[in-house]
Amino acid sequence: MATKGTVLGVIANMVTLTVDGPVAQNEICYISTGGDRLMAEVIKVVGKNVYVQVFESTRGLKVGAEAEFTGHMLEVTLGPGMLSKNYDGLQNDLDKMEGVFLKRGQYTYPLDKEKKWLFKPIVKAGDEVGPSAWLGEVEENHQPLKIMVPFQLQGTYKVKSIVEEGEYTIEDTVAVLTDAEGNDIPVNMIQKWPVKKAMTNYKEKPRPYKLLETGVRVIDTMNPIVEGGTGFIPGPFGTGKTVLQHAISKQAEADIVIIAACGERANEVVEIFTEFPELVDPHTGRKLMERTIIVANTSNMPVAAREASVYTAMTMAEFYRAMGLKVLLMADSTSRWAQALREMSNRMEELPGPDAFPMDISAIISNFYGRAGYVHLNNGATGSITFIGTVSPAGGNLKEPVTENTKKVARCFYALEQERADRKRYPAVNPIDSYSKYLEYPEFEAYITEHINAEWTGKVTELKTRLLRGKEIAEQINILGDDGVPVEYHVILWKSELIDFVILQQDAFDEVDAVTPMERQEEIVNMVIDICHTDFSFDNFVEVMDYFKKMINICKQMNYAQFRSPQYVEFQKQLQELVAERKVK
398 MATKGTVLGV IANMVTLTVD GPVAQNEICY ISTGGDRLMA EVIKVVGKNV
448 YVQVFESTRG LKVGAEAEFT GHMLEVTLGP GMLSKNYDGL QNDLDKMEGV
498 FLKRGQYTYP LDKEKKWLFK PIVKAGDEVG PSAWLGEVEE NHQPLKIMVP
548 FQLQGTYKVK SIVEEGEYTI EDTVAVLTDA EGNDIPVNMI QKWPVKKAMT
598 NYKEKPRPYK LLETGVRVID TMNPIVEGGT GFIPGPFGTG KTVLQHAISK
648 QAEADIVIIA ACGERANEVV EIFTEFPELV DPHTGRKLME RTIIVANTSN
698 MPVAAREASV YTAMTMAEFY RAMGLKVLLM ADSTSRWAQA LREMSNRMEE
748 LPGPDAFPMD ISAIISNFYG RAGYVHLNNG ATGSITFIGT VSPAGGNLKE
798 PVTENTKKVA RCFYALEQER ADRKRYPAVN PIDSYSKYLE YPEFEAYITE
848 HINAEWTGKV TELKTRLLRG KEIAEQINIL GDDGVPVEYH VILWKSELID
898 FVILQQDAFD EVDAVTPMER QEEIVNMVID ICHTDFSFDN FVEVMDYFKK
948 MINICKQMNY AQFRSPQYVE FQKQLQELVA ERKVK
């Protein structure tokens, strides 16, 4: 018998119910009002009183309304047919919805029950399998997807029968498993999994170490992220978070891209829906949307749905990781997810932490980021979830709790800066405040030594030191004036400007400069460092400025030229001639 409840009180999206039976934390219930069934999740149980957060507007909800509990937590339905879909935070298929706005109490099934998929079996009758073992394969948008043993099962099972290669719907039984007691378990292509619970269907989760190439120089060269790593991008409005996210989604070496727009403004979400289908995947030449899923919740949707959207996206990512795929998950923005947590915490009258966020905000963020990672699956294959979240701190304040707590858990920090954006130095990532902790990992050092060269991390450290030195000298010149510091100080400053203009700045809208492969990045770094190691002779600071401006101009033209094309080689020659002009013999 399903537990039933009656509404005792309503505070915005938080509803208090009295119940007549057992209820579990995070269980889902439906509250009936005015012909609509509103979906809600249990967030607190006190005796017979249960506090639930409703995923819809509670306007018109009265005391005495009936509620029915489902006996399961908030789940996502996983299976073939999710790629290139637009979902909301509760995994309703937005393309099946009618009208401009979501109607209250309207839910849609996330997958297509009619479509037939070409299933190819991997196992045969008599094989022993465990939870999440691969039974067969279907292809969706040129991606090989695995059909797996249900994740909820435990122990080992024998494959009693498996269908032959052919076309089946997601609800057709493709295999029958037998457990230790001899019970038969039919298996189809659908999986269900509670979103708040991490999937641990892998053998081990080592520290990630493989460089994830994004083609963005300020990331790959200065602060690299790894496959299965975590990073976050804080920055005030207008500093280019969305363009940077688009660049990473488009260029990073990932099989599946999942975008969680949790609490974005409606115009930004519309931008994602209109721009993403137009982006061309540089790896395949087809549309990027073919391997992308968008989970969208605008900031005018109820806060509870905003909180659910990031968990829904992460669970989808874990599903694809269990297939041995590389997943890139982008969340924009985790600040609004944290604001949703704050609103629910305030309504429950919990003790507030800093800036009225929940006291356990650091644990919530840490647990969520901890679900990403690089894993060895039970069958020896590897899969990964690389998670990059953006944070929109109020007024660009990087000392607020969400940024501070994310800093503790994310290994990469890309600080977007208003000043750099105002000076049109894009991507506006501050090279001095930003960092990547992966540079300190011995496993990463070994990987870089093997794939690039042994001196790479030393060169990156030198570039950062020169940038810091240049910043200090710029501040001195600002106070003392150009004549107030020696000429050699101007040379140091302009060498740091060379690093900034040639390595850090990149044109996301230029066909060649938008993506820089690692081979080319290595050549650029070596070229810039050779110039930095060269001694030049100048009589005054005006000569320094004019000379380095010419040099920067040649290097920038080089960035726009195809790698090692005749034009590129010509610019190299011009640069060598220019260096020889002022080089101290």
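FYI, in the numbering used here the residues of the sequence shown are 398 to 982. All residues carry an ideal CB built from backbone N, CA and C; glycine is no exception.
Check: Is it true that the region 561 to 577 meets the region 674 to 691, where meeting means three or more beta-carbon pairs spaced less than 8 Å apart?
Finding: no
Checklist line | Other residues of its chain near Ile-949: CB distance less than 8 Å, five sequence neighbours each side excluded | finding: In the sequence shown, residue 949 corresponds to position 552, counting from 1. Same-chain partners within the cutoff: Glu-894, Leu-895, Phe-898, Val-899.
Item checked: Reference Asp-417; option with closest CA among Pro-963, Val-640, Val-404, Arg-979 -> Taking the first residue of the sequence shown as 1, we reach residue 417 at position 20. Minimum Cα distance to Asp-417 is reached at Val-404.
Next item on the list: Indicate the three-state DSSP secondary structure (helix, strand or coil) for Asn-423 in the structure shown.
Entry: Your numbering for residue 423 matches position 26 in the sequence shown. Here Asn-423 sits in coil by DSSP.
Next item on the list: Compute the distance between the beta-carbons of Thr-997 and Asn-446, then report whether it is under 8 Å.
Entry: As displayed, the chain neither begins before 398 nor continues past 982, which places residue 997 out of reach and without an answer.
Check: Excluding five sequence neighbours on each side, which residues of the same chain lie with their C-beta closer than 7 Å to the C-beta of Val-640?
Finding: By one-based count along the sequence shown, residue 640 stands at place 243. Within the same chain, Val-640 has close Cβ partners Ala-905.
Next item on the list: Could you tell me if Pro-839 is buried or exposed, where buried requires 16 or more neighbouring beta carbons within 10 angstroms of its beta carbon?
Entry: Taking the first residue of the sequence shown as 1, we reach residue 839 at position 442. Counting Cβ neighbours within 10 Å, Pro-839 comes out exposed, since fewer than 16 surround it.
Notebook entry, point to check: DSSP state of Tyr-504, grouped into three classes?
Noted result: The sequence position of residue 504 within the sequence shown is 107, counting from 1. Looking at Tyr-504 - three-state DSSP - the assignment turns out to be coil, as it is neither helix nor strand.
Next item on the list: Identify every run of the alpha helix (DSSP H) within the region 797 to 858, keeping only runs that are complete inside it and at least 4 residues long; order them along the chain.
Entry: Runs found: 798 to 806, 815 to 819, 839 to 848.
Check: Taking all protein chains shown into account, do 16 or more other C-beta atoms lie within 10 angstroms of the C-beta of Gln-873, making it buried, or fewer, making it exposed?
Finding: For the purposes of this step, residue 873 is identified with residue 476 of the sequence shown, where counting begins at 1. Exposed, by the Cβ-count rule.
Margin query: For Arg-866, which residues in the same chain have their Cβ closer than 8 Å to its Cβ, ignoring the five residues on either side in sequence?
Written below: Translated into positions along the sequence shown, residue 866 becomes position 469. The answer, listed in chain order, is Ile-889, Ser-893.
Margin query: Do Leu-458 and Thr-430 count as a contact pair if the criterion is CB distance below 8 Å?
Written below: Here residue 430 refers to the residue found at position 33 of the sequence shown. Here residue 458 refers to the residue found at position 61 of the sequence shown. Yes, these two residues count as a Cβ contact at 8 Å.
Check: With a CB to CB cut of under 7 Å and the five nearest residues on each side skipped, what residues in its chain are close to Val-976?
Finding: Numbered from 1 along the sequence shown, position 579 holds the residue referred to as residue 976. Same-chain partners within the cutoff: Ile-928, Thr-931.
Margin query: Closest to Val-780 by C-alpha separation, out of Lys-543, Pro-631, Phe-960, Ala-644, would be which residue?
Written below: Numbered from its first residue, the sequence shown carries residue 780 at position 383. The displayed chain sequence assigns Gly, not Val, to residue 780. It is Lys-543.
Next item on the list: Can you say whether Arg-863 is buried or exposed, counting buried as having 16 or more other CB atoms within 10 angstroms of its CB?
Entry: One-based indexing of the sequence shown puts residue 863 at position 466. With 16 or more other CB atoms across the displayed protein chains lying within 10 angstroms of its CB, Arg-863 is buried.
Check: Name the DSSP beta bridge partners of His-358, please?
Finding: Here the chain comprises residues numbered 398 to 982, so residue 358 is not present and cannot be evaluated.
Checklist line | Distance, Val-407 Cα to Lys-441 Cα | finding: Reading the sequence shown from its first residue, position 44 is the one you call residue 441. Reading the sequence shown from its first residue, position 10 is the one you call residue 407. Roughly 15 Å between the two C-alpha positions.
Checklist line | Inter-stretch contact at 8 Å, needing at least 3 Cβ pairs: the region 510 to 523 / the region 547 to 559 | finding: At 8 Å Cβ cutoff, the stretches touch.
Item checked: Backbone CA spacing between Val-592 and Met-479 [nearest angstrom] -> Position 195 of the sequence shown holds residue 592. Position 82 of the sequence shown holds residue 479. The straight-line gap from Cα to Cα measures roughly 16 Å.
Check: CB Gln-422 to CB Val-449, shorter than 8 Å?
Finding: Counting from one through the sequence shown, the residue named residue 422 turns up at place 25. Counting from one through the sequence shown, the residue named residue 449 turns up at place 52. Cβ distance not < 8 Å, so Gln-422 and Val-449 don't count as in contact.
Next item on the list: Please report how far the alpha carbon of Tyr-957 lies from the alpha carbon of Trp-514, in whole angstroms.
Entry: Indexing the sequence shown from 1 puts residue 957 at position 560. Indexing the sequence shown from 1 puts residue 514 at position 117. C-alpha separation (whole angstroms): 44 Å.
Next item on the list: Under 8 Å Cβ to Cβ from Tyr-886, same chain only, skipping five residues before and after it: list those, please.
Entry: The count along the sequence shown starts at 1 and reaches residue 886 at position 489. Result list for Tyr-886: Ile-870, Gln-873, Ile-874, in chain order.
Next item on the list: State the CB to CB distance for the pair Phe-716 and Asn-483, rounded to an integer number of angstroms; the pair is presumed to be in contact (CB under 8 Å).
Entry: As a first step, residue 716 must be located in the sequence shown, where it is residue number 319. As a first step, residue 483 must be located in the sequence shown, where it is residue number 86. Contact between Phe-716 and Asn-483 does not hold, since their C-beta atoms are separated by about 18 Å, which reaches or exceeds 8 Å.
Notebook entry, point to check: Per DSSP, Thr-689 is paired with what?
Noted result: Taking the first residue of the sequence shown as 1, we reach residue 689 at position 292. The partner list for Thr-689 (beta bridge, DSSP) reads Val-654.
Next item on the list: Using alpha carbons as the reference points, say which of Phe-935, Phe-933, Glu-920, Arg-979 lies closest to Arg-961.
Entry: Start at 1 with the first residue of the sequence shown, and residue 961 comes out as number 564. Minimum Cα distance to Arg-961 is reached at Glu-920.
Item checked: Given Ala-807 as reference, the closest of Val-535, Tyr-832, Lys-796 once Cα atoms are compared -> If you number the sequence shown from 1, residue 807 lands on position 410. Ranking Val-535, Tyr-832, Lys-796 by Cα distance to Ala-807 puts Tyr-832 first.
Checklist line | Beta-bridge pairing of Glu-525 - partner residues as DSSP gives them | finding: By one-based count along the sequence shown, residue 525 stands at place 128. Note: Glu-525 sits in a beta bridge opposite Lys-555.
Checklist line | Separation of Thr-597 from Pro-528, as counted between CA atoms | finding: By 1-based counting over the sequence shown, the position of residue 528 is 131. By 1-based counting over the sequence shown, the position of residue 597 is 200. Approximately 10 Å between the Cα atoms of the pair.
Note to self: Does the structure place the region 840 to 859 close enough to the region 816 to 828 that three or more beta carbon pairs sit under 8 Å?
What the structure shows: no
Next item on the list: Assess, as a yes-or-no matter, whether the region 703 to 723 is touched by the region 572 to 579 under the definition of 3 or more beta carbon pairs within less than 8 Å.
Entry: no
Next item on the list: Flag this pair as yes or no: are the beta carbons of Gln-540 and Asp-617 separated by less than 8 Å?
Entry: Taking the sequence shown and counting its residues from 1, the one referred to as residue 540 is at position 143. Taking the sequence shown and counting its residues from 1, the one referred to as residue 617 is at position 220. Cβ atoms of Gln-540 and Asp-617: not closer than 8 Å.
Next item on the list: Please say whether Gly-770 and Lys-594 have beta carbons closer to each other than 8 Å?
Entry: If you number the sequence shown from 1, residue 594 lands on position 197. If you number the sequence shown from 1, residue 770 lands on position 373. No, the pair does not count as a contact, with Cβ atoms beyond the cut-off.
Next item on the list: My understanding is that Ala-812 touches Val-799, with C-beta atoms under 8 Å, so please give their C-beta distance in whole angstroms.
Entry: Here residue 812 is taken as the residue at index 415 of the sequence shown, counted from 1. Here residue 799 is taken as the residue at index 402 of the sequence shown, counted from 1. Between Val-799 and Ala-812 the Cβ distance is about 14 Å, and since that is not below 8 Å, they are no contact.
Checklist line | Rounded C-alpha distance that separates Gln-959 from Pro-679 | finding: Translated into positions along the sequence shown, residue 959 becomes position 562. Translated into positions along the sequence shown, residue 679 becomes position 282. Straight-line Cα distance between these residues: approximately 15 Å.
Margin query: If you reduce the DSSP assignment to three classes, tell me which class Tyr-606 lands in.
Written below: As a working mapping, residue 606 is identified with position 209 in the sequence shown. Tyr-606 falls in the coil class under three-state DSSP.
Check: Roughly how many angstroms separate the alpha carbons of Ser-979 and Lys-805, rounded to a whole number?
Finding: Here residue 979 refers to the residue found at position 582 when the sequence shown is read from its first residue. Here residue 805 refers to the residue found at position 408 when the sequence shown is read from its first residue. Per the sequence presented here, residue 979 reads as Arg, with Ser not at that position. Their backbone Cα atoms lie some 47 Å apart in a straight line.
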